[in-house]
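Please read the structure below before turning to the comments.
Protein chains: 2
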Amino acid sequence: MAEVELLKEPELNEALEALRRGLAKRLVILIIGCCNVHYKGRASSKLEPGDRIVLIKEDGSLQVHRPYGYEPVNWQPPGCVFHTELHEEGLRLVAVRHTPKEHVRITFSKIHLLTLLNLVDSGAFALHATEEDMQRAILLEPSLIEPGLKPITYEKRVEPGFVDIYARDREGRLVVIEIKRKTAGRDAVLQLHKYVQSLKKEAKTPVRGILVAPKLAKGAQKLLVSLNLEYKRVSPKKCAEILERAKRKALTQYMAPAGEERF
Amino acid sequence: MAEVELLKEPELNEALEALRRGLAKRLVILIIGCCNVHYKGRASSKLEPGDRIVLIKEDGSLQVHRPYGYEPVNWQPPGCVFHTELHEEGLRLVAVRHTPKEHVRITFSKIHLLTLLNLVDSGAFALHATEEDMQRAILLEPSLIEPGLKPITYEKRVEPGFVDIYARDREGRLVVIEIKRKTAGRDAVLQLHKYVQSLKKEAKTPVRGILVAPKLAKGAQKLLVSLNLEYKRVSPKKCAEILERAKRKALTQYMAPAGEERF
DNA sequence: TGCTAAATCTCGAAC
DNA sequence: GTTCGAGGTTTAGCA
């Protein structure tokens, strides 16, 4: 059960004490207050005073949110070390990180609300229909691409990187498949081309290259044709459906005797 | 001055009323509670129950944070429409977005804390040392690249895209400069090569290509040499310093009579 | 509106 | 640790 400790409009020294306690206990900390922020590291930045929401998580990550915008205006990835002090300008919180060396320094002139949170969260998270899901779906049902296609391996190492799927078509020719979950552009075509070239050298036989994506960018079409590559439209949604079907089928096999219906 | 309204451990119907009021007034809303989350749109996802922090901003953006991880586990970009209801499973908040059509549905079984925030934030934000800053710095001080370099234009249109800086060296040869803020890889080399080839055709004279970046990727070096291109190491930090100096100088020109010292 | 390139990208996996 | 590719990337700048 979650525990919540609240300090409304605390004095800065009260807030400092609570903040230090929260950091020591690795709690999630939320601070709402008026602050300025300085950042120095990969780049550098300066944020003039205003009301913001500061969020520190158990993993030592930090984010500073303005009242608008999806992304934090300043942040620090997980693994920071935090320093706190009462400076003449206000309550200072510094998040320091190494590799790369950088820091965010927040100076609060006023704290409206400080909360220490002990959150319990072990819920599983599942995301469907990523590029990997598309790959798994094609491996499950290669006929999605064309009849008679037989996968040999997947994630085959080829000089410039990894081939998504490596297969043989119904006429015995080698096939390299490059998958994109979104519109495939020139870059995807060139990537596939590189793989095909590399495999042609290796195999010394004809190698087909098929670009699999929900859509082909306008400029990519011409390049694709000129490089003698092919395109097969496949939507992530269709792939998710195939995986869902396969999952249900697998479950049914284990859970229900043949002939019995399940809902 | 910021206003903060707090509901600690509210009943779900109390929370619903406050939530609707906050949404209607376009306030920043923070909800800490136990919830599950469903998402459907560009992809789809499901998050099993646990304690999370939900943040709704003035611009209609939404994010769901777990107690760890820099990124929100689920989110919705600015411009959402929110729907709320008391469902048998708990308090439901749905954030709907069009283009692309997608929604996030959060169902709270328990709310530990709900806050409505009227935040005042008009502080300026300045970020230094982006790729554009590097370009401006080089235009201000072309000697960063080599002595005697004279820029002609910047962002010159050339068939494959835009040349960062187009210049002439001390011997009158044309120079194409491609800038990268981070390690430049093979792609940057090829990009520069394309520009040089394109300009050689256009100008029918020798064209030098210089890749400017803080670092050169291992594989890129060989390609660079084989394509007869050059590399000049320039750090974003140095560029930021040059811009800072130039800015101070510009201010000094306006603010102080010649010969007077300022600190 | 749609495309392109950059980001303090983040995140994860492989070497 | 570094590198490389994917992301519900987001964001900003333009055609």
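One line per chain: the protein sequences are A and B, in this order. If you use the working numbering, the first sequence corresponds to residues 778 to 1040, in order. If you use the working numbering, the second sequence corresponds to residues 778 to 1040, in order. Ideal placement from N, C-alpha and C gives every residue a C-beta, glycine not left out. Owing to the predicted nature of the structure, the values given are computational and were not obtained by experimental measurement.
### Query
What do you reckon, are the CB atoms on G810/B and E879/B nearer than 8 Å?
Position 33 of the second sequence, counted from the first residue, corresponds to residue 810/B. Position 102 of the second sequence, counted from the first residue, corresponds to residue 879/B. Going by C-beta atoms, G810/B is not nearer than 8 Å to E879/B.
### Query
If you measure from the beta carbon of A779/B to each beta carbon in chain A, is any gap under 8 Å?
Position 2 of the second sequence, counting from 1, holds the residue named residue 779/B. Cβ-Cβ to chain A under 8 Å: yes for A779/B.
#### Entry: Neighbour list for R843/B in chain A, Cβ cutoff strictly below 7 Å
Along the second sequence, one-based indexing puts residue 843/B at 66. What R843/B touches in chain A: D898.
### Message
Strictly below 7 Å CB to CB, what residues from chain B border T876/A?
### Response
As a working mapping, residue 876/A is identified with position 99 in the first sequence. By Cβ distance, chain B contributes nothing, its closest Cβ being about 15 Å from T876/A, past 7 Å.
### Task
Under the assumption that V989/A contacts I954/A (Cβ atoms under 8 Å), give the Cβ distance between them as a whole number of angstroms.
Stepping through the first sequence from its first residue, residue 989/A is reached at position 212. Stepping through the first sequence from its first residue, residue 954/A is reached at position 177. Contact holds; Cβ gap of about 6 Å.
### Query
Along chain B, in chain order, which residues have C-beta atoms closer than 7 Å to that of V850/A?
By 1-based counting over the first sequence, the position of residue 850/A is 73. Near V850/A (Cβ distances below 7 Å), the residues of chain B are F902.
### Query
Under 8 Å between C-beta atoms, does E791/A make it to chain B?
By 1-based counting over the first sequence, the position of residue 791/A is 14. Chain B contact via Cβ: absent.
#### Entry: Outcome for T884/A when other beta-carbon atoms lying within 10 angstroms are tallied against a minimum of 16
Looking up residue 884/A in the first sequence gives position 107. T884/A is buried by the Cβ-count criterion.
### Message
Let's test the definition: count the other Cβ atoms within 10 Å of the Cβ of M778/A and tell me whether it reaches 16, buried, or not, exposed.
### Response
The sequence position of residue 778/A within the first sequence is 1, counting from 1. Burial is judged here by how many other beta carbons sit within 10 angstroms of a residue's own beta carbon; M778/A has fewer than 16 and is exposed.
### Query
chain B partners of T892/A, CB-CB under 8 Å?
Within the first sequence, the letter at position 115 stands for residue 892/A. The answer, in chain order, is I809, L890.
### Residue closest to K957/B, alpha-carbon to alpha-carbon, out of E908/B, K977/B, R913/B
In the second sequence, the residue the question calls residue 957/B occupies position 180. Comparing Cα-Cα distances from K957/B to each of E908/B, K977/B, R913/B, the minimum goes to E908/B.
### Task
List the residues of chain A that R829/B touches, going by C-beta distances under 9 Å, in chain order.
Here residue 829/B refers to the residue found at position 52 when the second sequence is read from its first residue. Chain A residues near R829/B: L896, D898, G900.
### Message
Looking only at its chain, what residues have a beta carbon closer than 6 Å to the beta carbon of R874/A, apart from the 5 residues adjacent to it on each side?
### Response
Position 97 of the first sequence holds residue 874/A. Closer than 6 Å at the Cβ level, and outside the excluded window around R874/A, lie Q853, C857.
#### Entry: Which listed residue (Y845/B, L804/B, H815/B) has its alpha carbon closest to that of L804/A
Along the first sequence, read from residue 1 onward, the residue named residue 804/A stands at position 27. Nearest of Y845/B, L804/B, H815/B to L804/A, Cα basis: Y845/B.
### Message
With H, G and I counted as helix, E and B as strand and the rest as coil, what does DSSP make of C811/B?
### Response
As a first step, residue 811/B is located in the second sequence; it is residue number 34 there, counting from the start. DSSP places C811/B in strand when its eight states are reduced to three.
### Query
Cβ of T884/B less than 8 Å from any chain A Cβ?
Here the question's residue 884/B lines up with position 107 in the second sequence. By this cut-off, T884/B is not an interface position.
### Task
Would you please verify whether the beta carbon of R797/B is less than 8 Å from any beta carbon of chain A?
What you label residue 797/B is simply residue 20 of the second sequence in a count that begins at 1. Judged by the 8 Å Cβ criterion, R797/B is not in contact with chain A.
### Query
Smallest Cα separation from H889/B: which of K1024/A, L1020/A, E780/A, R1010/A?
Locating residue 889/B in the second sequence gives position 112, counting from the first residue. When only C-alpha atoms are compared, the closest one is E780/A.
### Query
Per DSSP, P928/A is paired with what?
Residue numbering aside, residue 928/A sits at position 151 when the first sequence is read from its first letter. Its beta-bridge partners are A944/A.
### Task
Consider the Cβ of K992/A: report whether some Cβ of chain B lies at a distance smaller than 8 Å.
By 1-based counting over the first sequence, the position of residue 992/A is 215. No, its Cβ sits nowhere closer than 8 Å to a Cβ of chain B.
### Query
Three-state secondary structure (DSSP) at R798/A?
By one-based count along the first sequence, residue 798/A stands at place 21. Looking at R798/A - three-state DSSP - the assignment turns out to be helix.
### Query
In angstroms, rounded to a whole number, what distance separates the CA positions of Y943/A and G996/B?
Within the first sequence, numbered from 1, the residue matching residue 943/A stands at position 166. Within the second sequence, numbered from 1, the residue matching residue 996/B stands at position 219. So the two alpha carbons sit approximately 25 Å from each other.
### Message
At a threshold of 7 Å, does A801/A count as lining the ligand HEM (C-beta to nearest heavy atom)?
### Response
This structure does not include the ligand HEM; it has no bound ligands of any sort.
### Task
Using alpha carbons as the reference points, say which of L951/A, L1004/A, G900/A lies closest to K981/A.
Taking the first residue of the first sequence as position 1, residue 981/A is located at position 204. Closest by alpha carbon: L951/A.
### Message
Any beta carbon from chain B within less than 8 Å of L921/A's own beta carbon?
### Response
Counting from 1 along the first sequence, the entry for residue 921/A is found at position 144. So, not an interface residue.
### Query
Are any of the Cβ atoms in chain A nearer than 8 Å to that of P1034/B?
Working through the second sequence from its first residue, we reach residue 1034/B at position 257. Bear in mind that a pLDDT of 38 at P1034/B, under 50, signals an unreliable position, so the number given afterwards is only what the model happens to contain. So, not an interface residue.
### Query
Is G867/B buried or exposed, if buried means 16 or more other CB atoms sit within 10 Å of its CB?
Locating residue 867/B in the second sequence gives position 90, where the first residue counts as 1. Under this definition G867/B is a buried residue.
### Message
Within 8 Å of any Cβ in chain B, is that where the Cβ of G938/A sits?
### Response
Residue numbering aside, residue 938/A sits at position 161 when the first sequence is read from its first letter. Not closer than 8 Å to any Cβ of chain B, the Cβ of G938/A fails to qualify, so no.
### Task
For my contact list, E1007/B and R985/B are in at a C-beta cut-off of 8 Å; report their separation, rounded to the angstrom.
Sequence index remark: in the second sequence, residue 1007/B carries index 230 (1-based). Sequence index remark: in the second sequence, residue 985/B carries index 208 (1-based). Correct: roughly 7 Å between the Cβ atoms.
### Query
If you count every other CB in all the chains shown that lies within 10 Å of the CB of E862/A, and 16 or more means buried, which is it?
As a working mapping, residue 862/A is identified with position 85 in the first sequence. It is exposed - the Cβ of E862/A has fewer than 16 other Cβ atoms within 10 Å.
### Backbone secondary structure at P1034/B - three-state DSSP
In the second sequence, residue 1034/B corresponds to position 257, counting from 1. With a pLDDT of 38 at P1034/B, under the threshold of 50, the predicted position of this residue should be treated as unreliable, and no value is reported.
### Query
Mind pulling the chain B residues with CB within less than 7 Å of L824/A?
Here the question's residue 824/A lines up with position 47 in the first sequence. Simply G900, F902.
### Query
Just reading off the beta strand (DSSP E) that Y1008/A is part of, what are its end residues?
Along the first sequence, one-based indexing puts residue 1008/A at 231. From DSSP, the beta strand (DSSP E) with Y1008/A extends over 1007-1010.
### Query
Using a Cβ-Cβ distance under 8 Å, would K927/A count as near chain B?
Within the first sequence, the letter at position 150 stands for residue 927/A. Output row for K927/A: interface = no.
### Message
Is it buried or exposed, E1038/A, if we count other Cβ atoms within 10 angstroms and call 16 or more buried?
### Response
As a position in the first sequence, residue 1038/A is number 261, starting the count at 1. Residue confidence is low: E1038/A scores 31 on pLDDT, short of 50, so the model does not pin down where it sits. Its coordinate-derived value is still stated next. With fewer than 16 other Cβ atoms within 10 Å, it is exposed.
### Query
Does any C-beta atom of chain B lie closer than 8 Å to the C-beta of V871/A?
Counting from 1 along the first sequence, the entry for residue 871/A is found at position 94. It does not; no Cβ of chain B falls within 8 Å.
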